[in-house]
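Below is one structure; the comments refer to it alone.
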Amino acid sequence: MLSKSPGPLLVATAAGLAVVTVLAPRSGGELDVTASRVTPPAPRIEFVPVRRAEELDVPSVKGDKVSLRQLVIATGPDDVELPVWEAVLDRIGTPYDVLLAGTEPLDESRLVRDDIGRYNGILLTSGALLKKTDDGSYVSALAPGEWAALHGYERTFDVRQVALNTAPGSPGEDYCLRAKTEGAVGDSPVHADLTGTGARLFDYLRPGARLPLSRTYVYRTTLAPDCDAEPLLTVDGDVVGVLSRAPDGRERAALTFVLGANLPPVDLVAYGLLRWVTKGVFAGEQRHWLNVDVDDWFAATERLRANGKTDVFRLSGPEVAEIVQQQRDLEIRYPLATGFTLQLAYNGSGLNPNAPAQCDIKDTPDPLTSYSRCLVDEFRWINHTLSHPEMTTTSYARSHAEIDDNLDAAASIGLPVPVAVLKTPEYSGLGVYRPDPRSESVTDFGLAASNGAMLRAASDLGVRYVHGNMSFTGHRPTNFNCGVHHPLRPDILVVPDWPTNIAYEATTPDEQVTLYNGLYGVHGSEQSRLGRDLTYEEIVDAEADLALGHLMSGSAYTHTLHQGNLHVYAPGRSLTFDWLDALLAKYSAYYQVPLRNPDWLTLATYVDDRTSHFAGLAASDDPVWNRRTGSITYTPATAGSLFVTGLETRPATEADQKGPDQAESYGNDTVARLGLTANDTVTLTARPRT
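Just so you know, we're using this note's numbering here: the sequence shown kicks off at 98 and counts up by one.
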């Protein structure tokens, strides 16, 4: 990738394009522009979890109380389905233990402590937990007495069980499944359909969604007659997922195929199975997010044309109006993205404070500034420094000026910018740089190699969140959807984003094809899996698939593109929105829950809270759910935040706007975030699912 120096400022015209529609700002009126700094308003809290003064004084019996923790039982550390459960639970942020059957004993003391069940969900990697012996035969890794202890626990504490990779007729439990055929599935998928029961259990999916099963082994089954069971998933009418009730009343779910850890079915069904096994009450949460940063607004960036020649590119004013129209059209085509708003990382040295706020190219020294002011509320704005310097070695004074003066530049034209958020140019100053300035390759030296002077200047100016990059090991957090407290400035949290292979030098499809295939095509430095050059449509599809994996997993991190990718290369078309259109078409084919699109400060605050959530759970005993009284009690060892799904909520009052708690309905789930004080017990009300 070429370095992104600001270069000379050029105004690119939309030559050859259709007439641009002049759009009114969302606020519906003229901007009141002053030189004072404008801060985006904080989003209002609509709901809060119901807190009780204390637990009800009702005598409990053994079986009433369970901890909000899951137990994963695997055949060994090499069990192919163990990473599936670990990935799902880590993403959700719910505490769990792993028991390796045959290595660790399973008895009542492992399952119960002081008449409190240690687990509110049992997750098996396979139905019978079969393990190969030295003579080549397969036996269950759990002894009969251990199966009896597990089933006794599930009966006494009314705890459900889910099993992956369940073969009909295997030793152990009868899930009401009877064998039809079985076999491996390669790269060409077979598709599983939701039954009516499956659509209710996986209610976040479109009822007509088809789950692609590939690189797996599938047992096709039918249900035994006169058996208490309901199919969840079918392939060509054959059952591959089931809910069943054991003769002793225990509730179980099972899948009859291998669930690959990095394949789409994991993201599509594993959350629903976890939610079912816990009756919808668990520590942690999962939502789906779509955020897009566009870097270098107001600056001019390098452009590499398809013929290999280079020049510079800067958006024109009329293109801004076209971009707004594309953004609005996207919401119409994809209602799950309603409210989607681009986040513009701007460089204020390229704006002109004398340009009037108007959606017109007449009588303005800089149409891009004028249109940006006119349509200010159509976007969100992020401090990307004044002149886009490489900040690996910038002094305190230079760093301070770049950050502070960029805020002043925004204020001069009325852009609302959160002071607490900073995106440094190319993530510079954060331990990633070119050891050889003549080389294009960068090295990740870790956050300890960051520019301390830059961090001190940022902290002194109120910055609390800086953008990192998931491509760099040093920027990746330990836990999912979390940040990294900077080792040199712990008051600053590094929040990573996802890079894309929509090249920053590309403004048109042919330029994107040239740049992409130059890296990943048949003659590129990195060979593509297909071993050939890709067309533009194939590139967009491949990049949308990568981003879809992030959305399906519940990743909250933003995706980063650049201002040249917004060039309106044809009426209603740009590289950015071509990619977004493909991405949202794929997401909408599976899901019916909306994509959250918060502003950057709200997003960073969420990541901060998730970081606190994991730290608090690691330091404290588990929340305990009393199913007789419906209460959940939790005593945190440290101050911080805790996410819980499945709580009673109430509408927020004005007093709650300054409080520590908040909650929201997401699909048919209720997700709450609690603000906690160390050693201060909280009592909440569970709202379980049937």
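Virtual Cβ for every residue (Gly too), placed ideally from N, Cα, C.
What does the Cβ neighbour count give for residue i, buried or exposed, with the cut at 16 atoms within 10 Å?
i: V610; result: buried
i: T407; result: exposed
i: D777; result: exposed
i: D426; result: exposed
i: T398; result: buried
i: R430; result: exposed
i: N451; result: exposed
i: Y216; result: buried
i: Y250; result: buried
i: A545; result: exposed
i: A198; result: buried
i: E205; result: exposed
Measuring straight from C-alpha to C-alpha, what distance separates residue i and residue j?
i: H572; j: S547; result: 11 Å
i: L672; j: D284; result: 29 Å
i: G369; j: K159; result: 28 Å
i: N566; j: G233; result: 47 Å
i: R535; j: F437; result: 40 Å
i: R328; j: P322; result: It should be pointed out that residue 328 corresponds to Pro in this sequence rather than to Arg. Answer to the nearest angstrom: the Cα atoms are 13 Å apart.
i: Y530; j: Q167; result: 42 Å
i: A184; j: A358; result: 8 Å
i: P532; j: G414; result: 38 Å
i: V108; j: A396; result: Note that V108 scores a pLDDT of 30, beneath 50, so its modelled location is shaky; the value from the coordinates is reported in the next line. If you take the alpha carbons of V108 and A396, they lie about 10 Å apart.
i: G651; j: R384; result: 6 Å
i: L356; j: R207; result: 27 Å
i: D474; j: P137; result: 10 Å
i: Y805; j: D678; result: Any property of residue 805 remains undetermined from this structure, which presents the chain solely from 98 to 787.
i: H564; j: L519; result: 7 Å
i: S538; j: D705; result: 31 Å
i: T787; j: L739; result: 24 Å
i: F299; j: G621; result: 42 Å
Compare the beta carbon distance of residue i and residue j with 8 Å and say whether it is the shorter of the two.
i: T482; j: N503; result: yes
i: V421; j: L387; result: no
i: T313; j: L274; result: no
i: A554; j: I500; result: yes
i: V259; j: A289; result: no
i: P513; j: W697; result: no
i: A736; j: L773; result: yes
i: G511; j: R477; result: no
i: Q423; j: G669; result: yes
i: L226; j: I170; result: yes
i: L220; j: L433; result: no
i: D463; j: N449; result: yes
i: H485; j: D364; result: no
i: D390; j: Q440; result: yes
i: G661; j: T597; result: no
i: P265; j: A281; result: no
i: A517; j: G559; result: yes
i: D194; j: T222; result: no
i: M649; j: P361; result: yes
i: V155; j: R725; result: yes
i: G580; j: P574; result: yes
Who are the Cβ neighbours of residue i in its own chain at under 6 Å, not counting the five residues just before and after it?
i: A403; result: D607, E608 and T611
i: F577; result: D187 and R188
i: D766; result: T742
i: T521; result: M488
i: R303; result: Q689
i: V619; result: R629 and D630
i: V147; result: E745, R747 and T782
i: G338; result: L329, L330 and L352
i: L527; result: S547
i: P757; result: G772
i: H497; result: A554
So, for residue i: in the same chain, excluding its five sequence neighbours on each side, which residues have a beta-carbon less than 8 Å away from its beta-carbon?
i: R342; result: D325, A326, E348 and R349
i: V788; result: Since the first residue shown for the chain is 98 and the last is 787, residue 788 is missing from the structure and cannot be characterised.
i: P140; result: P695, D696 and T699
i: L203; result: I170, L196, L239, E243, A246 and L247
Near residue i, what residues of its chain come up, given a Cβ to Cβ distance below 7 Å and the 5 sequence neighbours on each side ignored?
i: Y687; result: L302, R303, A306 and L365
i: F254; result: G160, V163 and G214
Alpha helix (DSSP H) runs wholly inside the region 209-270, at least 4 long, in chain order: 241-253
Could you tell me which uninterrupted beta strand (DSSP E) segments, each at least 3 residues in length, are contained entirely in the region 642-683, listed from first to last along the chain? 656-659
In chain order, what are the residue ranges of uninterrupted alpha helix (DSSP H) at least 4 long that sit wholly in the region 377-459? 414-430
May I have a chain-ordered list of the beta strand (DSSP E) segments no shorter than 3 residues that lie completely inside the region 268-341? 274-282, 287-291, 307-310, 313-320 and 326-332
Could you pull out every unbroken alpha helix (DSSP H) segment of at least 4 residues lying fully inside the region 169-203, listed in chain order? 179-189
I'd like the ranges of any alpha helix (DSSP H) spanning at least 4 consecutive residues and lying wholly in the region 542-626. 549-557 and 606-617
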